[in-house]
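Counting from 1089, one number per residue, gives the positions in the sequence shown under our numbering. We put the beta carbon where it would ideally sit given N, CA and C, even for glycine. Predicted, not measured: the structure shown is a model, and the values here were computed from it. I have placed the structure first, in the form of structure tokens, so that the comments after it can refer back to it.
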Amino acid sequence: MVGVVAIHLVARIAQDSALHPVGRWLDHASRFGVPLFLAAAGSMLAAQAQEVQDWQQWLLRRLRAVVPAYLVWALIYGAVAPLDGQGMALWGGELAWPARLLSVVFGYGAEQLYFMTAYLGLLLVAPLVGLVLQRLTTSAISALVMLAVALAALAANTWLLAQCSELVQVRAPLHGIAGWLLQTEARTPLHWFGFYLCGVALGQLQVSGLRMPPALYWLAVPAALLHGWIALRSPLATQFDDFWCSPALVASSITFALWGPPLAKRLDNLRLGGWLAVIGRESLGIYLAHVLFLRLSWAATAALPLPVALGLTVLGTLAGTAAYLPLHRRLFTPPAVAATA
1089 MVGVVAIHLV ARIAQDSALH PVGRWLDHAS RFGVPLFLAA AGSMLAAQAQ
1139 EVQDWQQWLL RRLRAVVPAY LVWALIYGAV APLDGQGMAL WGGELAWPAR
1189 LLSVVFGYGA EQLYFMTAYL GLLLVAPLVG LVLQRLTTSA ISALVMLAVA
1239 LAALAANTWL LAQCSELVQV RAPLHGIAGW LLQTEARTPL HWFGFYLCGV
1289 ALGQLQVSGL RMPPALYWLA VPAALLHGWI ALRSPLATQF DDFWCSPALV
1339 ASSITFALWG PPLAKRLDNL RLGGWLAVIG RESLGIYLAH VLFLRLSWAA
1389 TAALPLPVAL GLTVLGTLAG TAAYLPLHRR LFTPPAVAAT A
């Protein structure tokens, strides 16, 4: 969630600014956010699968926790889209009203909403994955087999992203499955299925009693350095930054997976990990609301020197989102989820 907010903040830095290379690096370095979230969703599914008795109830409970809030915020962003230059596609041109409403529902009113339709698609197939997991034994061998399947899926995912990147770089006509992925702009589960299955496999490893070998923690520093180097990658496509649809997305996600957990553990030892837990519990409300307060803060401060505007925008985003979260809990948190929390 921190990575997602960082991406949307640095997107305000103009290309002709001296700080643009720094902003682009931070954008690339933070792109692990969506892959990590989907991997975490898969991991939680694997951890809970053996305990679920009614998959229909499981699915409905999760849809109830997410869909109403998403639809309300999608409509809000559709209404305020012109505040940040997002309104041209929705309100400009000759789109009919049904097409405009459909665009709003699919998250075209704000830059962070595109990913929600992919998540909902994965949520719909989760019961099928869960039923498969229930029929597997929880032995270490089955967990390792699942991990091999997941790595194969991630390799296929990487190949698809490479095809997308090639199409973008040469400005080729969008064709085949890679062209379809570009046209849907990562709004389908297919763009993320490798990350999701890797999360499922990691959840299976934990259920089976296997843990990350302590020796892997020695990789944290070189992995962090490699992550930073990957983030230096300049756009290979002239018309837009194609980091999100290239193998660099997979590589940076893997490197973060090696240095992120040790960092979280270190923060927990320093009694700072509680903040990460709060952000995790409140992630849906933060995800939906933060862009609105970021836009408002930026609109109010954009005329100031860039470092000052960015700093004030951070403060405004934090303050506005924090003020909204109690309302989000009251309006959208199902009673069962609230009781569990």
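Original post:
How close, in whole Å, do the beta carbons of L1211 and R1149 come, if the pair is a contact with beta carbons under 8 Å?
Top reply: A Cβ-Cβ separation of about 11 Å leaves L1211 out of contact with R1149 under the 8 Å criterion.
Subject >> Alpha carbon of W1386 to alpha carbon of H1378, nearest angstrom >> reply: Distance between the alpha carbons of W1386 and H1378 is about 12 Å.
Original post:
If you draw a straight line from the alpha carbon of A1427 to that of V1295, how long is it in whole angstroms?
Top reply: Residue placement at A1427 is flagged as unreliable, the pLDDT there being 44, under the threshold of 50; a coordinate-derived value is accordingly withheld.
**OP:** Label R1100 either buried or exposed according to how many other C-beta atoms from any shown protein chain fall within 10 Å of its C-beta, with 16 as the threshold for buried.
**Re:** buried
Original post:
Got a sec, what are the start and stop residues for the alpha helix (DSSP H) L1285 sits in?
Top reply: Element bounds for L1285: F1281 to V1295.
Original post:
How about the stretch 1185-1193 and the stretch 1151-1169: do they share at least three Cβ pairs that are nearer than 8 Å?
Top reply: Contact between the stretch 1185-1193 and the stretch 1151-1169 is present, because at least three Cβ pairs lie under 8 Å.
Subject >> Endpoints, the alpha helix (DSSP H) within which C1252 is located >> reply: Per DSSP, C1252 belongs to the alpha helix (DSSP H) from A1228 to V1258.
**OP:** Would you grab the beta carbon distance between W1363 and A1312 for me? Rounded to a whole angstrom, and I think it's under 8 Å.
**Re:** Their Cβ separation, rounded to whole angstroms, is 20 Å, which puts W1363 and A1312 out of contact at 8 Å.
**OP:** Might you give, ordered along the chain, the residues of its own chain that have their beta carbon closer than 6 Å to the beta carbon of A1198, omitting 5 neighbours on each side?
**Re:** Once the five neighbours on either side are set aside, the close Cβ partners of A1198 are Y1165 and V1379.
Subject >> R1050 - DSSP class collapsed to helix/strand/coil >> reply: Not covered by the structure: residue 1050. The range shown for the chain is 1089 to 1429.
Subject >> For Q1257 and T1326, the rounded distance between their alpha carbons >> reply: 7 Å
Original post:
Quick one, are the C-beta atoms of S1118 and A1094 less than 7 Å apart?
Top reply: yes
**OP:** Using the Cα positions of A1303 and L1293, report the straight-line distance between them to the nearest angstrom.
**Re:** 17 Å
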